[in-house]
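Notes follow the structure.
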Amino acid sequence: MKTMNDSTLQYRAATTKDLPTLVAMLADDALGALRENPALPLSKEYLMAFASIDEDPNNELIVVELEAQIIGMLQLTFIPYLTHQGTWRCLIEGVRIHRQHRGQGVGQALFQWAIDRAKHRGCQLAQLTSDKQRPDAIRFYESLGFVASHEGFKLKLN
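Going left to right, the sequence shown walks through residues 2 to 159 as the numbering used here numbers them.
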């Protein structure tokens, strides 16, 4: 497969008109299919979540486009911490690359863009979580230099 040239990719903030595409990408894997609902019209919860993200200066929902088509996405959350001498960190979540564009370097380009964005925002650390049921994603993150240095814990509150 051809490797994606980063100069052909465009990065921008997501808009409400992008939501159907983004939710469909989130639902397009075994885990996402269990928890997402891409049916149109989208549920109001997606619209409310987008509005909260969009209004928060420390959250960015980013899409990557190729020839004006959305082919990837992620969310960046910038978090101030008292630890590490009061530095900021960037949480990277909700990463998806459209299945037709996987293995072509899009994910690597998107992550380089995200890391550069975190540095621009003054972050000293980028962090992410990945479900243990996604071994390919975990290998990908490790190939980018991310280290599984901590155990993550989640507690469902509903």
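Note that the Cβ used here is the ideal one computed from N, Cα and C, for glycine as well.
Residue i, DSSP secondary structure in three states
i    : result
V39  : One point to set straight first is that residue 39 is Pro, not Val, in the sequence displayed. In this structure, P39 counts as coil in the three-state DSSP scheme.
A119 : helix
E94  : strand
G33  : helix
Q101 : helix
R135 : coil
A110 : helix
S150 : coil
Beta-carbon proximity check, residue i vs residue j, cutoff 8 Å
i    : j    : result
Y12  : I63  : yes
L75  : G104 : no
L77  : A115 : yes
A119 : A127 : yes
L32  : D132 : yes
V65  : L111 : yes
W89  : Q125 : yes
G106 : F141 : no
T130 : G153 : yes
Start-to-end residues for the alpha helix (DSSP H) that takes in residue i
i   : result
V24 : L20 to A28
F51 : K45 to E56
G87 : T84 to G87
Cβ-based burial, residue i [other Cβ within 10 Å; buried from 16]
i   : result
G73 : buried
K3  : Its pLDDT being 41, under 50, K3 is placed unreliably by the model, and the measurement read from it follows with that caveat. Looking at its Cβ environment, which holds fewer than 16 other Cβ atoms inside 10 Å, K3 is exposed.
L41 : exposed
Y82 : exposed
M49 : exposed
V24 : buried
Continuous beta strand (DSSP E) stretch holding residue i: start and end
i    : result
E61  : N60 to L67
T78  : Q70 to P81
A14  : L10 to A14
L156 : No beta strand (DSSP E) holds L156; DSSP gives it neither H nor E.
L129 : C124 to L129
8 Å Cβ shell around residue i - same chain, five flanking residues per side excluded
i   : result
F51 : A15, T17, L20 and L62
The ligand NAD heavy atom lying under 7 Å from the CB of residue i
i   : result
R97 : By its list of ligands, the structure shown contains no ligand whatsoever, and the ligand NAD lies outside what it can speak to.
Contacting residues, own chain, Cβ-Cβ under 6 Å from residue i (five flanking each side not counted)
i    : result
S150 : none
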